[in-house]
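For the protein sequence lines, the chains are U, G, H and L, in the order given. The first sequence begins at 1 in the numbering used here and counts up one residue at a time. The second sequence begins at 1001 in the numbering used here and counts up one residue at a time. The third sequence begins at 2001 in the numbering used here and counts up one residue at a time. The fourth sequence begins at 3001 in the numbering used here and counts up one residue at a time. Where is the CB? At the ideal position from N, CA and C, for every residue including glycine. Right, one structure below, let's go through it.
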Amino acid sequence: MSENGDATVSEVKLSAKDFASDQDVRWCPGCGDYAVLAAMRKALPRLGHKKEDYVFVSGIGCAARFPYYMDTYGMHTIHGRSLAVATGIKISNPDLKVVVVSGDGDLLSIGASHTFHAMRRNVDLTIVLLNNRIYGLTKGQYSPTSEYGKITATTPEGSLDYPVNPVSFAAAAGCTFIARAIDVDQPGLDEVLRRAIEHKGTSFVEVYQDCNIFNHGAWFYASQKDSRAETTVQLRHGEPLVYGKDRDRGILFRNGRPIKVTVEGGASASDLVTHDETDRSRVHVYSQMSHPDFPEVMGVLYANPERRTYDAMVDEQVRNAEVEDREAELRRLMKGSESWEVHETVDGPS
Amino acid sequence: MSENGDATVSEVKLSAKDFASDQDVRWCPGCGDYAVLAAMRKALPRLGHKKEDYVFVSGIGCAARFPYYMDTYGMHTIHGRSLAVATGIKISNPDLKVVVVSGDGDLLSIGASHTFHAMRRNVDLTIVLLNNRIYGLTKGQYSPTSEYGKITATTPEGSLDYPVNPVSFAAAAGCTFIARAIDVDQPGLDEVLRRAIEHKGTSFVEVYQDCNIFNHGAWFYASQKDSRAETTVQLRHGEPLVYGKDRDRGILFRNGRPIKVTVEGGASASDLVTHDETDRSRVHVYSQMSHPDFPEVMGVLYANPERRTYDAMVDEQVRNAEVEDREAELRRLMKGSESWEVHETVDGPS
Amino acid sequence: MTTTPVAEHAAHPTTIDSVVIRFCGDSGDGMQLTGSQFTETAAVFGNDFATFPDYPAEIRAPKGTTYGVSGFQVHFSSRDIHTHGDDVNVLVAMNPAGFRTNIRDVHPGGIVIVNEDEFTASQLKKCGYPDGYNPLQDDDLLARYEILPIPMSRLTRESLADSEMGAKAIDRCRNMYALGMVYWMYDRPLDPTIAHLNRKFGGAKGKPEIAEINIRALKAGYYFGETAEVFPAKMRVPPAKLEAGTYRRISGSEAMVLGLVTAGHKAGKRIVYASYPITPASNIIQGLANLKRLGAKTFQAEDEIAAVCAAIGASYAGNIGVTGTSGPGLALKAEALGLAVMFELPLVVIDVQRAGPSTGMPTKTEQADLMMAMHGRSGECPCIVLAPRSPGDCFGMAVEAVRLAVRQCCPVIVLSDAYVANGAEPWRVPDLDDVPAIEVRHPSRAEVGEDWLRYTRDASTGAPAWVLPGTPGLEHRIGGLEKGEDGNVSYDPDNHDRMTRLRAEKIAKAAEVIPPLEVRGPESGEVLMLGWGGTYGAITTAADALRARGRSVSSAHLRYLNPMPSNTEAVLRSFDRVVVPEINSGQLRMLIRSRFLIDAAGINIVRGRPLNVDTLIERVTELMDGEGGAA
Amino acid sequence: MTTTPVAEHAAHPTTIDSVVIRFCGDSGDGMQLTGSQFTETAAVFGNDFATFPDYPAEIRAPKGTTYGVSGFQVHFSSRDIHTHGDDVNVLVAMNPAGFRTNIRDVHPGGIVIVNEDEFTASQLKKCGYPDGYNPLQDDDLLARYEILPIPMSRLTRESLADSEMGAKAIDRCRNMYALGMVYWMYDRPLDPTIAHLNRKFGGAKGKPEIAEINIRALKAGYYFGETAEVFPAKMRVPPAKLEAGTYRRISGSEAMVLGLVTAGHKAGKRIVYASYPITPASNIIQGLANLKRLGAKTFQAEDEIAAVCAAIGASYAGNIGVTGTSGPGLALKAEALGLAVMFELPLVVIDVQRAGPSTGMPTKTEQADLMMAMHGRSGECPCIVLAPRSPGDCFGMAVEAVRLAVRQCCPVIVLSDAYVANGAEPWRVPDLDDVPAIEVRHPSRAEVGEDWLRYTRDASTGAPAWVLPGTPGLEHRIGGLEKGEDGNVSYDPDNHDRMTRLRAEKIAKAAEVIPPLEVRGPESGEVLMLGWGGTYGAITTAADALRARGRSVSSAHLRYLNPMPSNTEAVLRSFDRVVVPEINSGQLRMLIRSRFLIDAAGINIVRGRPLNVDTLIERVTELMDGEGGAA
Ligand SMILES: Cc1ncc(C[n+]2csc(CCOP(=O)(O)OP(=O)(O)O)c2C)c(N)n1
Ligand SMILES: Cc1ncc(C[n+]2csc(CCOP(=O)(O)OP(=O)(O)O)c2C)c(N)n1
Ligand code: SF4
Ligand code: SF4
Ligand SMILES: [Mg+2]
Ligand SMILES: [Mg+2]
């Protein structure tokens, strides 16, 4: 650890392999989690931090097995509580790089409150939500991101509650970095993971992840090569929202609502919304863009590196207050503001 | 209860007094909770439902003592869990009118997840959040709605986390009715309470409530007679957002953001935003309007009576499936799909 | 009517009275299905049986790994049996990983049927065997077991060579091929399985071609047994002499679901089951979600706390609120249980125990939540605690839980466990008329009169009435603060002392309406083996065996843990020594010692697995012969 | 230097050895301040003392109601005392509600000073007296007590007639007027209170005019005593003969805070205290929030679960993670405690017990969380459990908690209670050098060598090492699933059994480094009164009194509940009878009975209040003389 509160930069060049632990990966063959793991292992060496400064934290679920597969420090905690543990880690040692990886049930159902409050506090950590819209580990019950009417183990006639929109959730919590990627899109994942981990403050990455056992194909509309260009828009700061195989369609905003338009010969492109990742208010509009009515936005939706982090401020308050001579101060404190002496067998003061 | 699933209408005319229980009210003299209690007792008789069909449910806190003072059915539950209990009540008996009254700590800190999920499900109940931006009952620690930097019992150097915006929270959860009122504004309270209770689905009312012991004056900017006209805008469906003592100022929206303008001679009023309580996307813009930069909106921000309620749908699924002859069906079920007979001392079938 | 080969070839099989067979293979190999089908057939055939499904926490761990092995054990018998059996007589191993992790459980001399096609170098390596080693060539193993290597993959493919289906689909029929062989060995009818396959893939699902290849593989396996003569003589396990009646196979989870809806029916109430998914309790909510036709409402809550709170709300509003979970979830519900105790409303809480602490081993069994069920709440906070002793017993205990919760207006915790919930046994279907009605009363203003207070108690039960919102004139408030008799807040010191006692007495009073503790074997003697929960089978079998060896050992099983049956102390005092075998570190033992000051000894084995009969016999024998035991 | 009247008028007061005085009035009457000031003065004067503040859950209930009464009792003495006293010798009642709720606690013949101005018809009615009744005219009461009605409101106003301050501010000085009178009665110096008032309102707050009127009221009250001759003779309670040393007054919460930062200092670590506000534990986070200068970090979490999880995270990252709460909060933390047990990381959990179950009576005391602390988690999940016996003892127990948590790498639960936390006593300030250092080691790669595994255990402690993230080369994963010695997931049945035992043994091993159980009085005899927690004072006083009456009664107090001191059984067996008085239904008694099979009797009084010495004496006497007792 360096003195100035930043994790120091690794001197040895590391590779993806260095970040792979010795544990066999136990996900189902074909699970989307593998791709995220691969992307993470590849992304980290290029960030330059030391292996030992990373702590991967998770709750419980298939996704939550993630830490076991990274050769960093790792904690597999309990269902829904990863962010509370992670917050404690950062309060205790703000120099560690903390990455939380967990599932949609873990982070948005039982853990929703902790997720919300960590984001609200802007604790300096990264949250990777592996959203497969199902409870994988417990074998296929519906999750808070499952679509209305979904037939699952617990909802044989279809579920009756409306799904959480993770992006709206993060925005309402004041999260300072919000991004989205798809398991099969390695470049997309690579970019958002690296930027999220480098972000100072709470960074949130929603990954569309395929559970090929209990919810296979949930994201096919967005993840399949043939449809992806039509159903997603890749965001790039300063560039217009253009999509389509022939990049002939675009998005503009009107009255706080998104509208799809056709870009004729590239001419009207100037009317299109230009992505500004520093503008929080548009996250709300992005969150309304959902399949099949709209293409869904991918990439970094929002990034605000300005707000100070909770852990840094806690640390600062303490460091500002700390006395040089702790021992003397403690002795003073022990005596309190009023104390008196008793001498052997006294019989009264006057 | 009527057959058709609606609470029947009371035949006897009730008065505010009929809704007052025999318990002494134990709030501090001058507490803003008194005003809300008075407004509630006055509002209910005019809704016409029977006393016995109301259940007031609360968590723990000063605000949460509310049910004891209403002469209806009432449950004072545990800290943060009122909405989970209330959801169970509605699933069990959708005909009851359920009103949850609790504090900002109760509903947005320990209870945040349940509040979020009840709203997401659109359970047919009313949530009245008595927001005093402090923990009253435990004697003055900061709450999730306390402003950044607040000095309280647990934050002698100022709090370091950013407050939750209850309106954004409700909007992100997909709440179908969102309103706001101030404790001292009886007509304003009366309107939103009555509309909230009549709304089918989750209705949410944020009340600015003064805790005159631990956070006195937190809302004075909005609640005091002399400043109220400048610091708040009363929303009315179909009317423009005009405010100011002389009603000479107004709000318009640009690029999803609010802008304050001066209304010259009433001429430019047509540019102003007209409040449309059915438009969910503007709740987000309203939520950005906060003191001192903007006047804060009061009244019904959003109302969508279209979405079906969770409890009604649960009930419907069951009623659609229910068999006439339950006894016969149960006997069939007990036997299972494969059963066999054993006769006294058989020795093998073949 | 029988179209399968059974009738024709049932020549002269050897008759034996019990067999323990275990199927094992990859999580994807369909071992749970194979096992259940074998069980179903044994059931329909009339055997007594007990099963032990055992699968990993991973959904589908990588192929060929030891931690991805899934197993299913069936003990079937012509006798009245109580356990799934300690030692395996026949092991069917579909791959080396299955072989490796299960071989040590096979009885010396036992038959081990392996799919030799899977014993390739790479597969052997994957499950951790040293380079160049093949257990099928290990002389020690070959000497110890009767190992029968059969190229099941190839044979299955060959038997379906003319099918149009893809290689993957065909390979998935291997389990049916194996099942066919085993059916031949034990002279079983194929009908039930064929019917099952047709039901499963025919009809709505509409994949009759899948049914067809599976049925063909099944038959091919059977004919292989007939023709190949690699198996020892055909064996026959005649039907068991069970009490007369209609029987079905039932798992603990199924019985629990059935018990709940039956109790709801008998009480004239809906069951409102609020829960959050957790292994091994999820089957209950899933079962009930499919019983809307019987009026059950299910609610998948956002977490366990919301679930128990919703169940409390449901009871308050007049239905039977039930919540179910496993250990970590029960821990989360503790605070809300305190509220239910204060409210004095009916509530049923099911804990399907799994191996802990913390996440522990989620798919494995244990009995270590008893003390938590008894005491895991703040303040003096007593609840009724019950525990079914076997899969079928879950039915009765669920009915009892509802009955007692309604009668005493309090939470009733039902301690099931993974072994009981997932295991299956033959169950004599009770006549619905024999299940007594559950009396429920909701007073009206007129009935209670003017002087009535919310917490006026019924002298016989000690419980207050169950008053429903919606009742005109009985408006009142309840809460978690200490209350006076009227339900309003009271800080009066003597009132608190009195209320604390009344709440405890009310629970104790349930003892007046529960059956006495029964002793199996002589009513007095040297040793009483006392158990609770899912160890019933093992303890009973061990005690029976010890008695058969002439030892003075009886057994008794507590299904009511709090309060205990009134005769409990008398029963225990009739023996020189009380031994309490438990899959925990001695929790019931602690209760027994503190209540009765009886120096109960413990047999405590915490391996995430059901207790072994042989081990129990050994330990009790040691204890009786003076060689110690963990006292 | 003394400018107050003390020196001049300390003529010939009567000397007595102990007085119990109680101030009571409305929540807004400043009774807590009055009581603390009286205590502070007694402290500085050199008396031994014990206090019992008692206030309602409502913040400021409507004026004049009985449930809005706030009280503060001080027992001060020239002897070594242990309790706040059963019976009140002097009651100061600022209003009829205070009088009504407190009069029954006054010893017959006791002095009752009332503010007669408040005994108006409307006030009398508000607190529920029948129409037309005034207790100050009740002959029975007048005969029983020495009731002194004094028009305090009027006298205070008159004494401040020339002040420019408003009527409200002047009326708020009544409590100081009353305090002045009492100071006169007991011949106390006014200096400490005057200094306090100047400190409080002078300086930063900058309201010297408030200080002034309060001081003037205080003096006016004092002079009233001097002049009016309404009081019985001036009395004197000489300083106590305490062990030599520097003393201060300390409350349980203060001592806990001090103990934690001291332990942190001795371990060379920060305290990271994560908590969610709850009465009566909030004072701890509030105290620590003010100690940033000593490096303490505090975190007000969103709920109790987040708090304990953050504390676990803090310990993981290398600080001393501590969380504190009261009963309902501990219930919520249960699941996470299981995780900490699995992780094997140091963690301190403070439970300031209050009266339960559920929300119960939040400001009242109780000892009913012992069984929850012992067993309130899923699976076999042992923790260390300690309990301070008095306010000052919180210091030592906090240090012990940190020491044991670090040494054994496990959660340590500290059971304080509302009485201990809010009460105060003189405390001999220890020399910081006498507090032993707490050894902490974090291994590096080089130190552990290549073969080391994450859960390799230290043979002497049974605990694994505390490895910190950030340490190069020791990257590893930990989790709540059962683990092998390397920390990775293991479903091996024997491993689970072994790990379960190792975790239990580790906790048991703490017994090797805790002090033995001490007996007060003869080491053997007829009765041993055994207690734990905040009942120490009452039990000790009762046992001393019984011995003084010639009865064979000793006492012992368990500060270490799990594990218990190694000599516990030997101590208990040295007495014919063990009696366990508890403010619960018999929780320690249950532990004692189950562990040692000793037929311990209980004295169980669950009134939300500290035990009464007289009641204990009576019950033990009855027991010894054969009249029963709740066995
Ligand atoms: C307290 C608690 N409740 C419930 C569970 C059971 N459980 C484990 S993972 C899980 C949900 C998994 O869903 P998700 O978080 O979406 O992860 P996925 O498996 O889909 O990756 C549940 C309910 C648990 N382990 N602990
Ligand atoms: C489980 C639990 N945790 C903590 C508490 C203590 N507690 C009671 S009310 C409260 C917060 C009160 O704040 P709020 O909800 O804003 O209500 P207010 O008193 O301000 O009306 C807390 C922390 C409790 N009763 N139970
Ligand atoms: S169940 Fe689904 S999410 Fe879990 S490992 Fe398998 S494919 Fe992945
Ligand atoms: S503390 Fe504040 S919120 Fe609570 S009753 Fe008093 S004024 Fe109201
Ligand atoms: Mg998921
Ligand atoms: Mg509040």
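CB contact below 8 Å: residue i versus chain G
i, result
"residue 3303 (chain L)", "yes"
"residue 3286 (chain L)", "yes"
Short CB-CB distance (under 8 Å) between residue i and chain H
i, result
"residue 1355 (chain G)", "The structure shown does not extend to residue 1355 (chain G), since chain G spans only 1001 to 1350, so no value can be given for it."
"residue 1076 (chain G)", "yes"
"residue 47 (chain U)", "no"
Residue-level contact to chain U via CB, residue i, 8 Å cutoff
i, result
"residue 3478 (chain L)", "yes"
"residue 2063 (chain H)", "yes"
"residue 1157 (chain G)", "yes"
Proximal chain L residues relative to residue i, where beta-carbon distance stays under 7 Å
i, result
"residue 1060 (chain G)", "3359"
"residue 42 (chain U)", "Residues of chain L passing the Cβ test: none, with the nearest at roughly 18 Å."
Check whether residue i and residue j have beta carbons under 8 Å apart
i, j, result
"residue 2177 (chain H)", "residue 2235 (chain H)", "no"
"residue 3335 (chain L)", "residue 78 (chain U)", "yes"
"residue 3098 (chain L)", "residue 3146 (chain L)", "no"
"residue 2124 (chain H)", "residue 2133 (chain H)", "yes"
Inter-residue CB distance, residue i and residue j (contact presumed, cutoff 8 Å)
i, j, result
"residue 3593 (chain L)", "residue 2597 (chain H)", "6 Å"
"residue 96 (chain U)", "residue 55 (chain U)", "5 Å"
"residue 172 (chain U)", "residue 1171 (chain G)", "7 Å"
"residue 90 (chain U)", "residue 125 (chain U)", "6 Å"
Within chain U, partners of residue i - CB distance below 7 Å
i, result
"residue 1164 (chain G)", "120"
Closer than 8 Å to chain L by CB, residue i
i, result
"residue 2342 (chain H)", "yes"
Per-residue contacts from residue i into chain L (C-beta, under 8 Å)
i, result
"residue 27 (chain U)", "Residues of chain L passing the Cβ test: none, with the nearest at roughly 14 Å."
Chain-ordered chain H contacts of residue i [CB-CB under 7 Å]
i, result
"residue 3366 (chain L)", "2379"
"residue 1055 (chain G)", "2469"
Residue i: contacting residues in chain U (beta-carbon distance under 8 Å)
i, result
"residue 1160 (chain G)", "121, 310, 313, 314 and 317"
Residues that residue i contacts on chain G, provided the C-beta gap is smaller than 9 Å
i, result
"residue 15 (chain U)", "Within chain G, no residue comes near residue 15 (chain U); the closest Cβ sits about 39 Å away, beyond 9 Å."
Cross-chain neighbours of residue i in chain H, by beta carbon under 8 Å
i, result
"residue 3500 (chain L)", "2585 and 2606"
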